[in-house]
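Data first, discussion second: the structure below is written as C-alpha cells.
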Amino acid sequence: MLLDKKKKEKIFSEVGENGYAKLDNYFSNEKIEKVKKSLVAMLNYVYKDDKIKDLQKKYFQILEKNPELKGNFYDLCKHETEILKLLNDDRTVDLVRGYFNTEVIFSSGPGILIYDDRNERVLAPHQETNQLAKDFLFIWAPLYDARGDQGGITIYENSHKHGYWQHHTNNKLGSTNVISEAASRFRKKKLEVEAGSALLIHSAMIHESVHTKKKGFARFIIIDRLCPLKQLPYLERKGVPKKIPYPGHGEGGDKVDYNTKNIYL
Ligand SMILES: O=C(O)CCC(=O)C(=O)O
Ligand SMILES: [Fe+2]
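According to the working numbering, the sequence shown is numbered sequentially starting from 47.
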C-alpha cells in the first residue's frame, strides 16, 4: 500500500528542509533476508562452500578465496531482482513522483555498496551526479544496522540548498569529490539507520562514507538513484550522453554546469 497523504507531505517537507528523510521500519525483515539469501547464493557461486550460509561469513570467505571476482559480483547485484524489488518499491516510486510532480521515474543507478573493515572504498564528500536527471532522490538502505561502529552515512547539513559544485577526482580512488571550499562551508552530521529502515536523500546534498570500525564486519547498503522525467538531456537533444557528465570535469570539462541549462555539452 502507498503511504498516506499526510505521511508523504511530512517526508516532502523533510527532504526540502533537511535534504533527507528517514523512512522508519520501511522493509520487513523477511524482505531483507531474501536479499541476503540472494547475495549468499551469488557469493557461493563465486566460491562454493555450502556450509557457510551467513552473508558476513560468506563475504569474508570470498575476500580470502577469490577477491578478484568481487567486482563482478558487485556488478551483477544491480540486476538481482530481490534487490531491485526493494529499490523500486511502489511506495518509494510514488514518493519520488509526488516530490517532483512527475509521473515517470527512472531507476538510474541501482546497486549495492559494501564497506568492510579495511575501509578501502570510502567515498570523499560529493553530490550525486552523472545520472539521467539533474535533480533526483536517492534511496540508501542498509541490510544490517548502520550505526555505532558499523557506520552510517555522513551528510553536510543544508548543503542541498546551494546548487551543484564543481567536482574533482583528486583522491586515491579516483571517485568524484566536491572542491574543498564546498564541503568546508557546512557542518557534518552522521546519520545512523537500522536495518529495514532507509534514507531518501536529495541529490544535491553533499555526503560522504563513514568508516567501518567494527573488525570482521562489512556494511551492506542497497542504493538507487530515482530520477524524474525532468531535465533529462538525453530525451531533449540528439547526440548527448545518456547520463549527464560530471560537473566541472570529465567528458564535458568545465562546460558542464549543473546550475545552468548548460548540462548538455
Ligand atoms: O554509503 C555511503 O558511504 C555513500 C555511498 C555513496 O555516496 C554513493 O555510492 O554515491
Ligand atoms: Fe553518493
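Every residue, glycine too, gets a C-beta built ideally from N, C-alpha and C.
Check, Outcome
"Spatial distance of Ser221 from Gln277 (CA atoms)", "24 Å"
"Spatial neighbours of Glu297 in its chain, beta-carbon cut-off 6 Å, leaving aside the 5 residues before and after", "For Glu297, the pLDDT reaches just 49, beneath the cut-off of 50, and the residue's location in the model is therefore unreliable, although a value from the coordinates is still provided. For Glu297, where only same-chain residues beyond five positions count, the Cβ hits under 6 Å are Pro291."
"Terminal residues of the alpha helix (DSSP H) in which Ser59 lies", "51 to 64"
"Nonlocal neighbours in the same chain, by C-beta distance under 7 Å from Gln107, ignoring five residues either side", "Tyr93, Asp95, Ile98"
"Strand pairing of Arg265, partner residues [DSSP]", "Tyr161"
"The region 146 to 157 in contact with the region 253 to 270 per 3-pair CB rule at 8 Å", "yes"
"Other residues of its chain near Tyr304: CB distance less than 6 Å, five sequence neighbours each side excluded", "Lys180, Tyr210, Pro293"
"Outcome for Tyr91 when other beta-carbon atoms lying within 10 angstroms are tallied against a minimum of 16", "exposed"
"Sequence-distant residues of the same chain with beta carbon closer than 6 Å to His193, five excluded per side", "Here residue 193 turns out to be Arg, not His, going by the sequence shown. Correct list, in chain order: Glu238."
"Validate contact between the region 74 to 87 and the region 113 to 132 using beta carbons, cut 8 Å, 3 pairs", "yes"
"Alpha carbon of Glu55 to alpha carbon of Asn134, nearest angstrom", "20 Å"
"Same chain only: Cβ atoms within 6 Å of Ile160, ignoring 5 sequence neighbours per side", "Ala264, Phe266"
"Three-state secondary structure (DSSP) of Ala170", "coil"
"Straight-line gap, Ala244 to Thr148 (C-alpha atoms, nearest Å)", "22 Å"
"Cβ-Cβ distance between Gly65 and His248 below 9 Å", "yes"
"Residue range of the unbroken beta strand (DSSP E) whose run includes Thr215", "Note, Thr215: premise wrong, no beta strand (DSSP E); not H, not E."
"Asn176 versus Asn71, Cys273, Phe232, Asp50, residue with shortest Cα-Cα distance", "Cys273"
"Backbone CA spacing between Ser226 and Asp50 [nearest angstrom]", "41 Å"
"Rounded C-alpha distance that separates Val256 from Leu189", "16 Å"
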